[in-house]
Amino acid sequence: MQIAAAIECKILDKLGNASVEIVNESDNHIGHLGSAGYAVSHLRVTVISDYFSGMTRLERHRLLHQILEDGIKTLHSITFLLQTNSELSN
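Basically our numbering = 1-based index in the sequence shown + 2.
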């Protein structure tokens, strides 16, 4: 899954010491409008990083979209779960 590896590299390049998990959920959407026949159309990306400290949920999502820009244009859907280490512990 080349797109997932590229996404992970971009995130780690920007956020450094982060935990990144990427799940390909495309199989759950075969035949749905928007899948466009791509092997990877739907991803769920979880990032745990203290880089997000003090940022709102919207700011975190904007940051990830800025980091990934062109790398996600072929995707129909990308879902983010973005937390700090302390939020994960709670």
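Where is the CB? At the ideal position from N, CA and C, for every residue including glycine.
Per the coordinates, the alpha-carbon of leucine 45 lies some 8 Å from the alpha-carbon of alanine 6.
As summarised for the stretch 11 to 82, the continuous beta strand (DSSP E) elements at least 3 residues long and confined to that stretch are 21 to 26, 44 to 50, given in chain order.
Within the same chain, Cβ atoms closer than 8 Å to the Cβ of methionine 57 are found at Leu65, the five residues on either side in sequence being excluded. Of the residues Ile13, Gly73, Asp15, Phe54, the one whose Cα lies closest to the Cα of leucine 90 is Phe54.
The C-beta distance from valine 49 to valine 22 rounds to 5 Å, short enough to meet the 8 Å contact threshold. When the Cα atoms are used, glutamate 10 and asparagine 92 turn out to be separated by approximately 25 Å.
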